[in-house]
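Top line first, the protein sequences correspond to chains A and B. Residues 16 to 388 (my numbering) make up the first sequence, in order. Residues 5 to 418 (my numbering) make up the second sequence, in order.
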Amino acid sequence: MAESTSRSSGAIKRAYRWVDRRFQIQALVDYMSHKVVPVQKFSIWYYFGGITLFLFIVQVVTGILLLMYYRPGADSAYESVRFIVAEVSFGWLIRALHSWSANLMIFAAFIHMFSVYFENAYRKPRELTWLSGIALLALALTFGFSGYLLPWNELSFFATRVGTGMAGAVPFLGKYLLVIMRGGEEVTGATIERFFGLHVAILPALFTVVLSAHLIFIQRQGMSEPLEWKEKPSGEKKYMKFFPHFLMRDLLVWLIVLNILAVLAVFFPDGIGVVHWPLGVKADPFSPPPPVIRPEWYFMFAFQALKFLPAHIFSIEGELVGISVFTIGGLIWAFVPFINRKSRIDEPSKLFMYFGMFVILFIIVMTILGYLL
Amino acid sequence: MTRRFWTIFLSGLLLTVLTPAIRAEETNNCLTCHQQIEEEDGPAHKFPRDIHYQKGIFCVDCHGGDASLDDMDAVRKVKGYRGAPSHLEVPEFCARCHSDATYMRNHNPSLPTDQLEKYKTSIHGKRLFGEKDTKVANCISCHSVHEIGDAKMPYSSTYPMNIPGTCGKCHADSSYMAPYNIPTDQLDKYTRSVHGKALLVKKDLGAPACNSCHGNHGAAPPGVASLSAVCGNCHALQADLFNASPHEKAFAANNYPMCETCHSNHLIEHPTDSLVGTKPPALCANCHSDDDGTKGFAVAEGSLASIEELVQHRAVADSLLLDAHDKGMMTTDEEFKLREVDQDLIETRTLVHSLDLTKLQPKAQEGLAKADTVKVRSAGLIDEYYYRRKGLGLATLFITIAAIGLYLKIRKLR
């Protein structure tokens with residue numbers, strides 16, 4: 016037994032040397048083995064980036080499997096999704112996993128973003144890491160928006176009509192933007208085909224590039240240390256080796272998330288509560304819209320805030336004012352590493368702390384009101 | 005030339021558009037005076053709501069006289085003055101225009117012009133013209149007078165939903181109808197019937213009102229011989245099956261009214277399976293017994309057995325389907341199949357009118373086969389539901405073991 020084990024490990028070492036002689040991977044392994052992760056009371060938040068990555072991998076795998084049977088088009092999209100759920104072996108599971116992991120990924124991404132924000136981890140020298148993260152979140156939200164229409168059912172059709180209609184309120188460009196998004200004046204088969212192209216080709220390509228940059232930045236710069244460590248003597252700072260200690264913990268969290276995902280997919284294949292995606296009836300552009308049209312939960316805060324606005328504010332269209340405020344707010348959020356001067360000198364900023372808390376509170380309150388009203 | 009053409013064209017257009025308005029604005033001393041001397045609900049106050057007024061037909065068009073005069077005595081002396089017609093004169097009075105196809109074409113070309121002819125064939129018309137009975141209905145009894153509405157308008161007395169009430173005004177009044185010695189419970193029965201509920205409760209304007217079976221201007225009770233034809237206007241399949249069945253001759257020979265014998269007339273209730281069979285409340289046993297020398301008894305038993313079997317299988321299929329659906333399984337195809345079973349059940353029930361088991365039983369078998377398919381598929385979906393949970397349990401177990409192993413390894417590394 017011991018002899019066979021030592022024989023197999025000898026074979027692995029020989030294979031490793033064979034690869035190393037050709038690609039010099041030992042330098043990379045040395046680099047990785049020196050990498051450390053700070054150990055502090057908020058270390059738990061470090062795992063949410065990894066969780067988001069894991070859920071994205073699930074998205075890619077299940078998305079590829081769905082792609083084998085999904086057929087875009089007004090006459091085939093709904094039928095193909097119905098076929099996947101009803102006829103294809105484990106098709107229901109793949110769709111449920113895809114939908115659950117999409118929602119959980121956005122949730123994890125939000126937590127990851129806010130934890131980075133409140134720990135000031137975006138400060139110099141990690142400005143580009145933050146910016147690439149914001150770009151990834153924007154791409155993930157676009158993934159969600161474009162994917163929502165693909166089953167071509169009643170809910171997705173009318174929600175997309177409302178969503179793309181909002182884009183039409185953008186000043187000057189609105190009309191063109193709306194036509195580009197819809198592939199015409201109305202949501203039709205042309206819309207589903209361009210949303211499909213966006214969802215399975217353009218977005219994955221962009222996401223892969225930005226995600227690679229994001230991960231390379233993290234690997235090069237390591238995890239950010241807490242602000243209060245600035246005054247701490249070196250002896251009191253605790254670290255953990257990234258490889259294998261942190262990586263194994265990451266894997267453990269991934270396994271737990273996988274378990275949760277499996278339970279959710281089996282027990283609630285169509286989602287639950289406000290997070291649900293029943294196939295329902297096929298989209299019919301000539302039927303009256305359902306009494307309640309709601310966007311995905313992660314767009315609800317913006318949707319509800321825009322609903323609260325009056326038709327006109329100082330003779331400017333209310334919706335236009337709302338979209339402009341959101342755009343300005345989003346830009347401030349994205350460029351916070353450059354705007355928050357205190358973060359550049361490793362000092363906490365109460366102003367930005369309150370701003371962050373206001374944003375969280377605003378999102379939570381508006382989302383709840385969106386479902387209650 | 006062009007200028008003249010346009011002048012003529014525009015003048016013609018202006019005249020066409022404005023003529024009714026100009027007429028309405030013409031001096032109408034009839035209305036002016038009568039509105040002053042009449043109560044709020046008098047004819048002159050009602051008339052502006054009348055379809056005739058709205059179409060530009062005014063007082064003098066019916067009553068004669070001259071609307072520009074303001075002295076009633078002078079009006080009465082005008083040639084052609086007709087005044088108010090008596091009850092007996094009303095049909096001819098209205099028919100002056102309504103039987104004139106040329107005149108009617110200018111106002112409402114789609115309206116028939118045979119109302120008077122039909123009225124003369126009706127019980128009302130026969131009694132009015134034959135026996136000079138002025139209690140019977142004439143035109144204004146149903147259409148009202150001076151506020152006659154288009155039958156398509158909900159406020160009209162001849163709007164489908166208002167017809168039972170219009171007829172019931174006389175026919176449900178026992179003291180008014182006493183001299184005629186006919187029942188006065190038709191309205192009450194109709195209101196409780198499947199037709200009455202459809203029209204008055206569900207507001208289904210396609211449901212029959214009194215005139216659908218009795219006719220309107222030619223209103224008369226359908227005779228025994230014509231009853232299946234009357235019902236067959238809507239229930240065509242049932243009527244065809246009945247006319248080809250042994251009942252057709254037997255009913256005719258015994259002078260039984262066709263549909264009415266089993267379904268009654270004004271109080272037609274939603275038929276249930278219990279009407280078929282040989283035990284009360286089944287109707288077949290009213291005439292048939294097992295030793296009456298006909299196949300009737302056996303056919304009744306066989307028909308009921310086939311229907312009940314299909315109903316039972318459908319119920320089991322439905323219950324399994326509901327269970328699968330409640331468990332979150334995709335049941336769209338099975339739901340469609342169950343609708344086909346429902347259709348077969350309707351057709352099987354309809355085939356009862358054929359009194360032919362060789363037609364009824366194959367249809368019932370068709371439904372049974374489909375119901376069994378739904379049962380098998382639904383049971384399969386329920387099995388799949390439990391299979392998924394077992395699979396999940398196994399997967400969770402493996403993942404948990406892997407997680408525990410990883411956790412132990414992490415502890416060891418510390």
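We put the beta carbon where it would ideally sit given N, CA and C, even for glycine.
Could you tell me which of the options sits nearest to residue i, measuring between CA atoms?
i: Phe367 of chain A; options: A:Tyr386, A:Lys253 and A:Gly344; result: A:Gly344
i: Ile378 of chain A; options: A:Arg356, A:Phe318 and A:Ala349; result: A:Phe318
i: Leu326 of chain B; options: B:Cys235, B:Glu339, B:Asp118 and B:Leu314; result: B:Glu339
i: Arg235 of chain A; options: A:Lys28, A:Lys50, A:Trp33 and A:Phe38; result: A:Lys50
i: Phe57 of chain A; options: A:Met47, A:Ile126 and A:Ile27; result: A:Ile126
i: Ala321 of chain B; options: B:Ser72, B:Gly371 and B:Pro275; result: B:Gly371
i: Leu308 of chain B; options: B:Leu271, B:Arg415 and B:Ala368; result: B:Ala368
i: Asp337 of chain B; options: A:Ala101, A:Gly106, A:Phe301 and A:Val75; result: A:Ala101
i: Leu204 of chain B; options: B:Ala243, B:Pro158 and B:Ala240; result: B:Pro158
i: Leu221 of chain A; options: A:Gly333, A:Ser48 and A:Ala155; result: A:Ala155
i: Pro164 of chain B; options: B:Val356, B:Leu396 and B:Asp208; result: B:Asp208
i: His199 of chain B; options: B:Ala383, B:Ala88 and B:Leu271; result: B:Leu271
i: Glu351 of chain B; options: B:Ile311, B:Ile41, B:Asp75 and B:Leu398; result: B:Ile311
i: Glu94 of chain A; options: A:Val76, A:Pro166, A:Val194 and A:Leu384; result: A:Pro166
i: Lys365 of chain A; options: A:Tyr46, A:Glu134 and A:Gly198; result: A:Glu134
Just to make sure I have the definition right: I need the residues of chain B whose C-beta is within less than 7 Å of the C-beta of residue i. Which are they?
i: Val281 of chain A; result: Arg392, Arg393 and Leu396
Taking DSSP as the reference, what is the three-state secondary structure of residue i?
i: Ile26 of chain B; result: With a pLDDT of 47 at Ile26 of chain B, under the threshold of 50, the predicted position of this residue should be treated as unreliable, though the coordinate-derived value follows. Here Ile26 of chain B sits in helix by DSSP.
i: Gly25 of chain A; result: helix
i: Val149 of chain B; result: coil
i: Glu135 of chain B; result: helix
i: Met334 of chain B; result: coil
i: Lys256 of chain A; result: strand
i: Val281 of chain A; result: helix
i: Asn168 of chain A; result: strand
i: His292 of chain B; result: coil
i: Glu332 of chain A; result: strand
i: Val296 of chain A; result: coil
i: Ile414 of chain B; result: helix
Output, in chain order, the set of chain A residues within a Cβ distance shorter than 8 Å of residue i.
i: Ile386 of chain B; result: Chain A residues near Ile386 of chain B: none, gap ~15 Å exceeds 8 Å.
i: Leu417 of chain B; result: Pro259, His260 and Met263
i: Met334 of chain B; result: Arg97, Val100, Ala101, Trp107 and Leu294
i: Asp337 of chain B; result: Ala101
i: Tyr411 of chain B; result: Leu267
i: Ile414 of chain B; result: His260, Met263, Arg264 and Leu267
Hey, could you find the ends of the beta strand (DSSP E) residue i is sitting in?
i: Val82 of chain B; result: No beta strand (DSSP E) holds Val82 of chain B; DSSP gives it neither H nor E.
i: Pro325 of chain A; result: Segment: none, Pro325 of chain A is in no beta strand (DSSP E) and carries neither H nor E.
In chain B, what lies closer than 9 Å to residue i by C-beta?
i: Leu81 of chain A; result: Chain B residues near Leu81 of chain A: none, gap ~15 Å exceeds 9 Å.
i: Asn274 of chain A; result: Ala399, Thr400, Ile403, Thr404 and Ala407
i: Leu270 of chain A; result: Ile403, Thr404, Ala406, Ala407 and Leu410
Chain E beta carbons: is any one of them nearer than 7 Å to that of residue i?
i: Ala101 of chain A; result: Protein chains A and B are contained in the structure displayed, whereas chain E is not.
Residue range of the alpha helix (DSSP H) that residue i falls in?
i: Tyr46 of chain A; result: Gln41 to His49
i: Gly212 of chain A; result: Gly204 to Gly212
i: Phe57 of chain A; result: It is not in any alpha helix (DSSP H) - Phe57 of chain A carries neither H nor E in the DSSP assignment.
i: Ala11 of chain A; result: Chain A is shown only over 16 to 388; residue 11 of chain A falls outside these bounds and no answer can be derived.
i: Trp115 of chain A; result: Gly106 to Phe133
i: Gly281 of chain B; result: Neither: Gly281 of chain B is in no alpha helix (DSSP H) and is coded neither H nor E.
i: Val307 of chain A; result: No alpha helix (DSSP H) contains Val307 of chain A, which DSSP labels as neither H nor E.
i: Thr125 of chain B; result: Gln119 to Thr125
i: Thr298 of chain B; result: Element bounds for Thr298 of chain B: n/a, residue is neither H nor E.
i: Val94 of chain B; result: Val94 to His102
i: Thr265 of chain B; result: Met262 to His267
i: Ser114 of chain B; result: First-last for Ser114 of chain B: undefined, no H or E at that position.
Please list the partners that residue i has in chain B, where partner means a Cβ-to-Cβ separation under 8 Å.
i: Val278 of chain A; result: Leu396 and Thr400
i: Asp285 of chain A; result: Gly332
> For the 8 Å Cβ check, are there 3 or more pairs between the stretch 275-295 of chain A and the stretch 102-116 of chain A?
Replying inline: yes
> Counting Cβ pairs, one atom from each stretch, are 3 or more of them under 8 Å apart for the stretch 306-322 of chain A and the stretch 135-146 of chain A?
Replying inline: no
>> I want to know whether the stretch 140-150 of chain B touches the stretch 41-53 of chain B - three or more CB-CB distances under 8 Å.
In response: yes
> At a cut of 8 Å, does the stretch 111-130 of chain B reach the stretch 219-227 of chain B through at least three beta carbon pairs?
Replying inline: yes
> Is the stretch 70-90 of chain A in contact with the stretch 251-259 of chain A, if contact means three or more CB pairs nearer than 8 Å?
Replying inline: no
> Would the stretch 107-127 of chain B and the stretch 81-88 of chain B be scored as touching if the rule is three or more Cβ pairs under 8 Å?
Replying inline: no
> Taking three-plus beta-carbon pairs below 8 Å as touching, is the stretch 158-177 of chain A in contact with the stretch 201-214 of chain A?
Replying inline: yes
> If we count Cβ pairs, one from each stretch, closer than 8 Å, do we get three or more for the stretch 59-69 of chain A versus the stretch 266-277 of chain A?
Replying inline: yes
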